[in-house]
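Trainee:
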Amino acid sequence: MFYLPTDEAVETIDREQLTELEYVHDDVLAHDPDQQKRRRADAERAVLLTNTNHTKTTIFFRTADGQTKRVRAIVLTAHANYLTLKGDINLPLRAVLGLES
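Right, here's the structure in full:
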């Protein structure tokens, strides 16, 4: 289970809104290689759960303006630099703080 270490309110958005947002240019987990590995493993697990159970995943991410948001979506593919969600929507992996399936 992913733990978001913040007291700030986290807005939940629809996946269709992802295309309207701007994302950070640097990796939000650049300071923690272990968390980067965990994020990659969680992304692969989300794809596996989608393929077997059609399960939605909660994705926590940061936008360019520093806001933390969350989206519930079906993760179809975990590429090296981004996630492809249902509806052919891409989310940069560098913006993802964590995933919860």
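Throughout the sequence shown, residue numbering follows my numbering, covering 22 to 122 in sequence.
Beta carbons are placed, not taken as given, at the ideal position from N, Cα and C, and that holds for glycine.
1) Take lysine 90 as the anchor and find which of Phe81, Leu39 and Ala116 has the nearest alpha-carbon.
2) Cα-Cα, which of Leu104, Leu97 and Arg83 is closest to isoleucine 34?
3) Quick one: grab the DSSP three-state call for valine 117.
4) Do valine 96 and arginine 36 have their beta-carbon atoms positioned less than 8 Å apart in this structure?
5) Between which residues of its own chain and isoleucine 110 is the CB-CB distance below 7 Å, once the five residues before and five after are set aside?
6) Does the Cβ of glycine 108 have 16 or more other Cβ atoms within 10 Å, making it buried, or fewer, making it exposed?
7) Given this structure, state the Cα-to-Cα distance separating glutamine 88 from alanine 62, to the nearest angstrom.
8) Which residue spans inside the region 44-104 form an unbroken alpha helix (DSSP H) run of at least 4?
9) Measuring CB to CB, does valine 68 end up less than 8 Å from alanine 99?
10) Measuring only the C-alpha atoms, how far is glutamate 121 from alanine 51?
Mentor: With the structure as the only source:
1) Here residue 90 is taken as the residue at index 69 of the sequence shown, counted from 1. Minimum Cα distance to lysine 90 is reached at Phe81.
2) Start at 1 with the first residue of the sequence shown, and residue 34 comes out as number 13. Closest option to isoleucine 34, Cα to Cα, is Arg83.
3) Indexing the sequence shown from 1 puts residue 117 at position 96. Here valine 117 sits in strand by DSSP.
4) The sequence position of residue 36 within the sequence shown is 15, counting from 1. The sequence position of residue 96 within the sequence shown is 75, counting from 1. Against a cut-off of 8 Å, the Cβ pair of valine 96 and arginine 36 comes out as no contact.
5) Here residue 110 corresponds to residue number 89 of the sequence shown, with the count starting at 1. Arg36, Leu39 and Thr40, listed in sequence order.
6) Start at 1 with the first residue of the sequence shown, and residue 108 comes out as number 87. That one is exposed.
7) What you label residue 88 is simply residue 67 of the sequence shown in a count that begins at 1. What you label residue 62 is simply residue 41 of the sequence shown in a count that begins at 1. About 24 Å.
8) 54-74
9) Here residue 68 corresponds to residue number 47 of the sequence shown, with the count starting at 1. Here residue 99 corresponds to residue number 78 of the sequence shown, with the count starting at 1. Yes.
10) Taking the sequence shown and counting its residues from 1, the one referred to as residue 121 is at position 100. Taking the sequence shown and counting its residues from 1, the one referred to as residue 51 is at position 30. Using only the alpha carbons, I get a separation of about 20 Å.
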